[in-house]
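Colleague: Here it is, the structure, as structure tokens.
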Amino acid sequence: MTALRQTADREGERADSFLARTVPGLTRSAAQRLLEEGRVTCAGRPVKKNDRLAPGQELEIVLPDPEPVEICPQNIPLDVVYEDGDVIVVNKPVGMVVHPAPGHPDGTLVNALLYHCGTSLSGINGQLRPGIVHRIDRDTSGLIIAAKNDRAHLALAAQLQDHTLARVYEAVAVGGFREDSGTVDAPIGRHPVDRKKMAVDRRNGRPAVTHWTVLARYPGYTHLECRLETGRTHQIRVHMASLGHPLLGDTVYGSRKPWPGLAGQCLHARKLRFLHPSTGEPVELECPLPDWFQRVLKQLDR
Numbered sequence: 002m003t004a005l006r007q008t009a010d011r012e013g014e015r016a017d018s019f020l021a022r023t024v025p026g027l028t029r030s031a032a033q034r035l036l037e038e039g040r041v042t043c044a045g046r047p048v049k050k051n052d053r054l055a056p057g058q059e060l061e062i063v064l065p066d067p068e069p070v071e072i073c074p075q076n077i078p079l080d081v082v083y084e085d086g087d088v089i090v091v092n093k094p095v096g097m098v099v100h101p102a103p104g105h106p107d108g109t110l111v112n113a114l115l116y117h118c119g120t121s122l123s124g125i126n127g128q129l130r131p132g133i134v135h136r137i138d139r140d141t142s143g144l145i146i147a148a149k150n151d152r153a154h155l156a157l158a159a160q161l162q163d164h165t166l167a168r169v170y171e172a173v174a175v176g177g178f179r180e181d182s183g184t185v186d187a188p189i190g191r192h193p194v195d196r197k198k199m200a201v202d203r204r205n206g207r208p209a210v211t212h213w214t215v216l217a218r219y220p221g222y223t224h225l226e227c228r229l230e231t232g233r234t235h236q237i238r239v240h241m242a243s244l245g246h247p248l249l250g251d252t253v254y255g256s257r258k259p260w261p262g263l264a265g266q267c268l269h270a271r272k273l274r275f276l277h278p279s280t281g282e283p284v285e286l287e288c289p290l291p292d293w294f295q296r297v298l299k300q301l302d303r
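Residues 2 to 303 (my numbering) make up the sequence shown, in order.
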């Protein structure tokens, strides 16, 4: 079991909302489950999920030992860029889904990590599973980090929230940019009509910031570096489309006609920087552009 202490910092916030907001990696449903099971106390008394907190109240949270999940470990080759007793960083190929989901019950990164890591997995939300701290889309390639224990998961998720876990992508966008660099600061939420898509939503969306820099210009296209300050679903794809420059090959937010030889959007998670959860030392990792991305650049150069 893992014990945590969190101090309330907002007047009148519900206990379940507070836990989901302040305990990195903990979902609201998992927080409610902990509260219902009496695993959250204040001054020795159990806290209810709808209790309103006052600033300065200290809550003690006892995370239970995780339970196994019904996901089959699969011996799927992984391109491991970095690994130790706390974390593993993988260069995910295009076409690999991160988590099992309807339509993709197996063959995912989680299936592969369950086989590769064995019992060395985090279980923040009460289930024994690889501690996927952030996700990348199926048709996006590149670096993704997972935690091997709860302590590492909490530390990395906290870094994701305070922006010390940095992710840098390379992309090809449609059209030309007048400036050499810029920032898109536009909140993102579910599309009001198509619930499978995301969209800029300035009323109900969550804060989202993307910094971009031009790496190269081609007739009708631009090679970009994009640095995420936040990590919303489809963030780079939505932000670039909002500028009128959807990513090349993105048939969801751009042209419905696919680019020859591309499985999806031209987007690669190239760099990752974080503080090691045990030593506190900075770790900087980089993976080269995949062959398919380089072929696209050669096509544009011609």
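By construction, the Cβ of each residue, glycine as well, lies at the ideal position given by its N, Cα and C atoms. Predicted model only: the values in this text are computed from it and were never measured.
(1) Is it true that the stretch 136 to 144 meets the stretch 189 to 198, where meeting means three or more beta-carbon pairs spaced less than 8 Å apart?
(2) Write down every uninterrupted run of the beta strand (DSSP E) in the stretch 26 to 95 whose length is 3 residues or greater and which is fully enclosed by it, in chain order.
(3) Just reading off the alpha helix (DSSP H) that Trp260 is part of, what are its end residues?
(4) Spatial neighbours of Arg11 within its chain, please: CB distance less than 6 Å, with the 5 preceding and 5 following residues excluded, ordered by chain position.
(5) If you scan the stretch 215 to 248 from start to end, which runs of the alpha helix (DSSP H) of 4 or more residues do you find wholly inside it?
(6) Under 9 Å, do Thr234 and Glu226 count as touching if we go by C-beta distance?
(7) Work out the CA separation of Ala242 and Thr184 for me, nearest whole Å.
(8) Where does Pro208 land, buried or exposed, given buried means 16+ other C-beta within 10 angstroms?
(9) Just tell me which of Thr165, Gln295, Val134 and Asp138 has its CA closest to the CA of Asn150.
(10) With distance defined between alpha-carbon atoms, name the residue in Phe275, Ala32, Val41 and Val82 nearest to Pro289.
(11) Starting from the Cα of Pro94, find the closest Cα among Thr223, Arg22, Arg53 and Ala270 and give me that residue.
(12) Would you identify the three-state DSSP class for Leu268, choosing helix, strand or coil?
(13) Touch check for the stretch 38 to 57 and the stretch 72 to 81: three-plus C-beta pairs under 8 Å?
(14) May I have the straight-line CA-CA distance separating Leu129 from Lys49, to the nearest angstrom?
(15) Taking Thr223 as the reference, which of Asp181, Gly232, Ala55 and Glu230 has the closest Cα?
(16) When the Cα atoms are used, what is the spatial distance from Thr231 to Thr211?
(17) For the 8 Å Cβ check, are there 3 or more pairs between the stretch 88 to 102 and the stretch 272 to 290?
(18) Verify whether the separation of the beta carbon atoms of Arg53 and Ala102 is less than 9 Å.
(19) Over what stretch of residues does the alpha helix (DSSP H) that includes Ala21 continue unbroken?
Modeller: So, from the data block:
(1) No contact exists between the stretch 136 to 144 and the stretch 189 to 198.
(2) Taken in chain order, the complete beta strand (DSSP E) segments of 3 residues or longer contained in the stretch 26 to 95 are 41 to 43, 59 to 64, 81 to 84 and 88 to 93.
(3) The residue labelled residue 260 in the question sits at position 259 within the sequence shown. For Trp260, there is no enclosing alpha helix (DSSP H), as DSSP gives it neither H nor E.
(4) Translated into the one-based positions of the sequence shown, residue 11 becomes position 10. The same chain holds no residue with a CB closer than 6 Å to that of Arg11 once the five nearest residues on each side in sequence are set aside.
(5) Counting only runs of 4 or more, we get 236 to 243.
(6) Along the sequence shown, one-based indexing puts residue 234 at 233. Along the sequence shown, one-based indexing puts residue 226 at 225. For Thr234 and Glu226, no; Cβs fall outside 9 Å.
(7) On the sequence shown, position 183 is the one that residue 184 refers to. On the sequence shown, position 241 is the one that residue 242 refers to. Put simply, the backbone Cα of Thr184 is about 14 Å away from that of Ala242.
(8) Numbered from its first residue, the sequence shown carries residue 208 at position 207. Label assigned to Pro208: exposed.
(9) Residue 150 sits at position 149 when you count from the first residue of the sequence shown. When only C-alpha atoms are compared, the closest one is Val134.
(10) As a working note, residue 289 is residue 288 in the sequence shown. Closest option to Pro289, Cα to Cα, is Val82.
(11) For the purposes of this step, residue 94 is taken as the residue at position 93 of the sequence shown. Looking at the Cα atoms, Ala270 is the closest of the given residues.
(12) Counted from its first residue, the sequence shown places residue 268 at position 267. Note: Leu268 maps to strand in three-state DSSP.
(13) Between the stretch 38 to 57 and the stretch 72 to 81 there are fewer than three C-beta pairs closer than 8 Å, too few to call the two in contact.
(14) Locating residue 129 in the sequence shown gives position 128, where the first residue counts as 1. Locating residue 49 in the sequence shown gives position 48, where the first residue counts as 1. Interpretation of Leu129 is limited by its pLDDT of 48, a score under 50 that renders its predicted location unreliable; the figure taken from the coordinates is listed afterwards. Looking at the two C-alpha atoms, the distance is approximately 25 Å.
(15) What you label residue 223 is simply residue 222 of the sequence shown in a count that begins at 1. Nearest of Asp181, Gly232, Ala55 and Glu230 to Thr223, Cα basis: Asp181.
(16) Indexing the sequence shown from 1 puts residue 231 at position 230. Indexing the sequence shown from 1 puts residue 211 at position 210. Going by the C-alpha atoms only, they are around 7 Å apart.
(17) Inter-segment contact for the stretch 88 to 102 and the stretch 272 to 290 is present: three or more beta-carbon pairs are separated by less than 8 Å.
(18) Against the sequence shown, residue 53 aligns to sequence position 52. Against the sequence shown, residue 102 aligns to sequence position 101. Not in contact: Arg53 and Ala102 (Cβ atoms no closer than 9 Å).
(19) The residue labelled residue 21 in the question sits at position 20 within the sequence shown. If you look at Ala21, you'll find it in the alpha helix (DSSP H) that goes Ala16 to Thr23.
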